[in-house]
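If you're matching positions, the sequence shown starts at 1009 in our numbering and goes up one per residue. Down below is the structure, laid out as structure tokens.
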Amino acid sequence: MAGIRAAKRYAKGLMQFANETSQADMLNREMIDLKNSIQASRELSSFLASPVLDAKRKVAISKELFKGFSKVSQNFIELVINQGRGDILKEISAQFTEQYNRMHNITTAEFISAVPFDANLVNSIVMEAKQKLGDTSTINIETKVDPELIGGFVLRMGDRQIDSSVKSKLNRLKKDFERNEYIVKF
């Protein structure tokens, strides 16, 4: 919990700087790339969180890893590592993107399906849901595949969820049978 609070503070400070210097769009792209890099690599995540490696070595390696980033992002990553908070860089970048999306009225739609769906189909499903829910924000679609859903999809937009998966329908049917609603009572 303390890590999330600290991540929010770091993200807020970076956002204030980004707005003052008109670099919010560029920093948002780089924070998304940073989050995705850490998420995709367990080694990178462990490296950033390691208490064994000293900050100088972490900074040198991170500068090499993120040499394609702007000087602002590189300096920010260096600052966070030097303050011993490299372990929350992923959360900081996620919080930054969340704040950016709130400021720009962007909603992230998470589309989870049992098998990959065609991008056009996903887009039309999300747009239909957006219209039915009366959402006026810009939609950013993230797709994920979860074979445990068996079939169908789950769509999460903000704090709302549409669950049209076979897994949830089977779970509901199981609960109905457990309540014995299908036994004829005389």
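Quick reminder that beta carbons are idealized off the backbone N, C-alpha and C, glycines included.
| Item | Value |
| --- | --- |
| Inter-stretch contact at 8 Å, needing at least 3 Cβ pairs: the region 1103 to 1110 / the region 1052 to 1067 | no |
| Closest by C-alpha distance to Arg1110, when choosing among Asn1131, Gly1166 and Asp1154 | Gly1166 |
| Segment limits, alpha helix (DSSP H) that includes Phe1104 | Leu1097 to Met1111 |
| Close Cβ partners of Val1162 (< 6 Å) along its chain, the five nearest in sequence each way excluded | Ile1120, Asp1171 and Ser1173 |
| Sub-8 Å separation of Ala1122 and Ile1147 beta-carbons | no |
| Local Cβ density within 10 Å of Glu1150, reported as buried at 16 or more and exposed below that | exposed |
| Closest Cα partner of Phe1077 within the set Met1039, Val1134, Gln1169 and Arg1093 | Met1039 |
| Buried or exposed by the 16-neighbour rule on C-beta atoms within 10 Å, applied to Thr1029 | exposed |
| Where the alpha helix (DSSP H) through Asn1044 begins and ends | Ala1032 to Ala1048 |
| C-alpha gap between His1112 and Arg1187, whole angstroms | 47 Å |
| Reduced DSSP secondary structure (H/G/I, E/B, other) of Arg1017 | helix |
| Contact under 8 Å by Cβ, Asp1033 with Ala1057 | no |
| Supposed close pair Ile1085, Phe1074 - CB separation, criterion 8 Å | 6 Å |
| Whole-angstrom C-beta distance between Gln1047 and Lys1016, which should lie under 8 Å | Lys1016 to Gln1047, Cβ: 19 Å. No contact. |
| Helix, strand or coil at Val1130 according to DSSP, with G and I counted as helix | helix |
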